[in-house]
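*Asks:*
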Amino acid sequence: MDYRLELQRALDAARPVLGTGRVADYIPALGAADPHAFGLALATVDGEVHGVGDWETQFSIQSISKLFTLALALASEEALALWHRVGREPSGTPFNSLIQLEAEQGIPRNPFINAGAVVVTDRLLSLTGDAAGAVREFLRAESGNPRLDTDLAVAASEAQHGHRNAALAHFIASYDNLENPVEAVLGHYYAHCAIAASCRDLALAGLFLARHGLRADGSRLLSRSDAKRINAVLLTCGTYDAAGDFAYRVGLPGKSGVGGGILAVVPGRGTLCAWGPALDRAGNSVGAVTALDAFTTNTGWSVF
Ligand code: DON
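Numbering-wise (our numbering), the sequence shown opens with residue 4 and increments by one.
#1: Would you kindly work out how many angstroms separate the C-alpha atoms of Gly95 and Ala118, rounded to a whole number?
#2: Between which two residues does the beta strand (DSSP E) holding Trp58 run?
#3: Buried or exposed, going by whether 16 or more other CB atoms sit within 10 Å of the CB of Ser63?
#4: Can you list the alpha helix (DSSP H) stretches of 4 or more residues lying completely in the segment 76 to 146, in chain order?
#5: For Ala281 versus Val289, is the C-beta spacing smaller than 8 Å?
#6: Does the ligand DON have a heavy atom nearer than 7 Å to the CB of Glu161?
#7: Sort out for me which residues DSSP pairs Arg223 with in a bridge.
#8: Tell me, which residues are paired with Trp278 by DSSP?
#9: Taking contact to mean 3 or more Cβ pairs, one atom from each stretch, closer than 8 Å, check whether the segment 247 to 259 and the segment 292 to 307 are in contact.
#10: Taking the CB atoms as reference points, tell me whether Leu151 and Asp220 lie closer together than 8 Å.
#11: Quick check on the DSSP output: the beta strand (DSSP E) that includes Ile198 runs from which residue to which?
#12: Checking contacts by CB at 8 Å: is Trp304 closer than that to chain D?
#13: Classify Gln61 as buried or exposed, calling it buried when 16 or more other Cβ atoms lie within 10 Å of its own Cβ.
#14: Just the C-alpha distance for Arg7 and Gly56, rounded to the nearest angstrom, thanks.
#15: Judging by CA-CA distance, which residue of Tyr178, Cys276, Thr239 and Pro270 is the nearest neighbour of Pro3?
Encoded structure:
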């Protein structure tokens, strides 16, 4: 396959929709992003990296960080311990919804909605002492970008407007499903969501899921079955209440963030990371979904 040609075709498919949708502004520091920016990167398991558009521009990774917190938590201990505290069913509700938590006794539906990610961050904080630092170090090592870091202005902006996440976290704590103080957990959660990275960085950092659990240096982060399981939960829950539509259109496990990025995994082959800041109503990038749809439709790079 001519990777660059296929990436260019996907960009061309996305171009007409760029700017369609809304840039997230409930975190005010994200509101200044250019709705017409767009980047797309591809990394393969045999070491090729290609990109088009703004693929080396840094953006706020936001919820894409949740796949790394989950992987690092599962890499650090017996997986069953975590799966008692967070489920793995699609929620069918928005990413920041509170409504299921009461009926389900403070056990979030899955690790990718905000409530579930707060629980995973809490566990990673207990395991490592520095949950956000663990995510940063992992992303630096896998991407080979030592300058990758948290954007402190974005983290502070989210904390100042974080009533919804604080409510979720306190509610979970009321069911004894947090091990650390709410303020500490939220601080780490905001700090890993506010990491700035490029499509290139994220495509490289996600390759362990395409390599069935192996890191860039050849060491094993996850067992083959845990890598399979994370990909499965990404497919069913990674794009929230639009996960069915994303599976239908793109046919790949993927994780979106309100910064406009989507990281998708092609097991055994590679990863794709698309970025365009304007979002649909579920919080997924309109341009990124369109480009990934075009790429997988044109190339057959899908799990189906
Ligand atoms: O907690 C939040 O609302 C953000 N830090 C992350 C949300 C997000 O990225 C949802 N993804 N589409």
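C-beta: ideal position from N, C-alpha, C; glycine also. In this text, all values refer to a predicted model and were calculated from it rather than measured experimentally.
*Replies:* In terms of the structure at hand:
#1: If I take the Cα positions, the gap works out to 14 Å.
#2: Premise fails: Trp58 is in no beta strand (DSSP E) and is neither H nor E.
#3: buried
#4: Qualifying alpha helix (DSSP H) stretches, in chain order: 82 to 86, 102 to 106, 117 to 131 and 134 to 146.
#5: yes
#6: yes
#7: Leu217
#8: Gly42 and Gly264
#9: yes
#10: 8 Å or more divides the Cβ of Leu151 from the Cβ of Asp220.
#11: Counting along the chain, the beta strand (DSSP E) containing Ile198 begins and ends at Ile198 to Ala200.
#12: Structure shown: chain D not included; a single protein chain is present.
#13: buried
#14: 11 Å
#15: With the chain running from 4 to 307 in the structure shown, residue 3 is simply not present.
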